[in-house]
Every structure is written in structure tokens, then in C-alpha cells.
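S.K.:
Residue numbers (my numbering): -10 to 266.
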């Protein structure tokens, strides 16, 4: 169970003192509800500390998985736009594995074992719980994404001069995928179903994000447009061109950010819905 700092837990202490006050005695005032940003920072630090040991081995798995996919694709893709799509999709796949798959499992298990009751007793806004947890999980994807991108560029002979764009792609795609993963975990009636949905979401990110879009059927290409990480993949892929169209890169990132806001809002709603049941 995550441990939050004392300033967040103080609200729970005051509530307990008020409930224990004898009849007729003046009730202690409730502690003021924590503000969003301090509560978010507290949840982020707690989740980062909790996941540091448990999730690092899985991050290695995600990174090696993405690199293995690029090695396999190297045998059928020589270069050009297809190679750019493979490297961009494999890099964002690391984000999908952690932010979507693992977060869906975490919130599904949290709901099943009563962990949501712990947060419900604290004066922490629901948005802080969702955003703080999503940010902590997305933070673990940064090293793996960078290693995957550098390895992919070396495999396919792509330029590395614009890898700095990952500083925008990772948080925006991470927010979109983490919000989706949290919503799936919170809405699933059983943790097993949450795990299944997380795996299906990661499989969709694999098939629709790594494979070059030109080789996909038209109907599947429309489904690809609905995947939150697609716009992060497209933005990163465009930066490998000799003269990148930065206006289109910015547009893709803007769409990815808008999808991220919508998915995190949906996750916050799902958290409120699950916490009151």
C-alpha cells in the first residue's frame, strides 16, 4: 500500500479525532482539503517510490521486447518511411507497455483489494490520485524509450539529431495511454479482466503502431487513428525526414495532448465512480 506524506494524512487524523469526540463535546474542525498540486506531488512521490523496485524489471522487459521487434522488422524493412514508422512505433511501445498495460493492472488490483478505500479516506482530490499515479508510471518509460530509439536509429541508419522531440512525445503519449490504462483498470469489474484489457490495449499499440501504416488495410488504418499513441508515433516519425515539417509535428503533438487530457478526465471520472461503490 502506498504511503503518503504526513501533510496529506493529517486530514484523516482530524477526521478520526472528530468521530471519537464524546457527545456534547465541541467537535474538532476538519482539516482543509489538500490542494491539487501539493496532493499530486505527494501521490507522485509515493507511487514513484513504490514502483521503483517492482517495475524496473518489467521496464527492461518492455525495452528488450521493443528492440527485439525492431530486429525482426529489420529483415523485411530496408529503410525510408517504413523504417521511420518501425522505430517510432517501437519506441512508443515502451510507453504503452508501462503506462497502459501495467497501469490497467495496478488500478484493477487496487479496486479489487480495497486500496481505493485508503485514498477515499484522505483529503486528496481524485484527479491528484489519477494524475500522480499516471505520471509516476510514465516516468519509468523515459530511459527505455530513449534506449529503444537510439538502437533503432543505429539498426536502420536513421539520423539521431532530433531525438530531443522525445521530451514532448513521451509525456504526451504517456498521458494519453496512462489515462486509458487507468480507466480500463477502474471500470473492469474484476482484476483479471483489467489485466486482459491492458494486454489487448498493448497488443493494439504493437500492431497498429509498429507496423508501417501503408501496409495496413484501409479499415485498420481508421482504427489506428483512434489509438491514443498514434499521434505521438506520427510526430516522432516525421522528425527523421531530411527536412521535417515541424508544423505537422506540432499538430500531431497537440492532438496527442488533447487526447491525453480527455483520457485522464475519463480516468478521473472512473476513479470517482469506483471509489463510491
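Built from N, CA and C at the ideal position, the CB exists for glycine as well.
Cβ atoms of residue 155 and residue 134: under 8 Å apart, would you say?
M.R.: Contact flag set, yes.
S.K.: Considering only residues of the same chain and omitting the five flanking positions on each side of residue -6, which have a CB-CB separation below 6 Å?
M.R.: Note that residue -6 scores 49 on pLDDT, short of 50, meaning its location in the model is unreliable; the coordinates nonetheless yield the value given after this. Result list for residue -6: 31, in chain order.
S.K.: Hey, residue 76 and residue 147: beta-carbon distance below 8 Å or not?
M.R.: Yes, these two residues count as a Cβ contact at 8 Å.
S.K.: Given 8 Å as the limit, is there contact between the segment 236 to 246 and the segment 157 to 164, that is, 3 or more CB pairs closer than that?
M.R.: These segments touch.
S.K.: Does the distance from the CB of residue 170 to the CB of residue 47 come in under 8 Å?
M.R.: No, the Cβ-Cβ distance between residue 170 and residue 47 is not below 8 Å.
S.K.: Decide if residue 86 is buried, meaning its Cβ has at least 16 other Cβ atoms within 10 Å, or exposed.
M.R.: Buried is the call here.
S.K.: For residue 252, which option in 89, 213 and 33 has the closest C-alpha, if you only look at C-alpha atoms?
M.R.: That would be 89, whose Cα lies nearest to the Cα of residue 252.
S.K.: Return the residue from the list 222, 79, 233 and 218 that minimises the CA-CA distance to residue 144.
M.R.: Out of 222, 79, 233 and 218, 79 has the C-alpha closest to the C-alpha of residue 144.
S.K.: Could I get the ranges of all uninterrupted alpha helix (DSSP H) runs contained in the segment 165 to 201, with 4 residues as the minimum, in chain order?
M.R.: Taking only runs of at least 4 residues, the alpha helix (DSSP H) segments lying wholly in the segment 165 to 201 are 180 to 199.
S.K.: Is the beta carbon of residue 173 less than 8 Å from the beta carbon of residue 152?
M.R.: Cβ atoms of residue 173 and residue 152: not closer than 8 Å.
S.K.: If the criterion is Cβ atoms closer than 8 Å, does the pair residue 193 and residue 216 meet it?
M.R.: The answer is yes: Cβ separation under 8 Å.
S.K.: Beta carbon of residue 106: closer than 7 Å to some heavy atom of the ligand HEM?
M.R.: In terms of ligand content, the structure shown is empty, and the ligand HEM therefore cannot be addressed.
S.K.: If you draw a straight line from the C-alpha of residue 0 to the C-alpha of residue 113, how long is it?
M.R.: The predicted model places residue 0 with a pLDDT of 42, which falls under 50 and marks its position as unreliable; any figure quoted below should be read in that light. Roughly 9 Å between the two C-alpha positions.
S.K.: Just curious, the alpha helix (DSSP H) that residue 153 is in, first and last residue?
M.R.: Unbroken run through residue 153: none, as it is neither H nor E.
S.K.: In whole angstroms, give me the CA-to-CA distance for residue 150 and residue 226.
M.R.: If I take the Cα positions, the gap works out to 13 Å.
S.K.: Just to confirm, are residue 230 and residue 168 a CB contact at a threshold of 8 Å?
M.R.: Cβ distance not < 8 Å, so residue 230 and residue 168 don't count as in contact.
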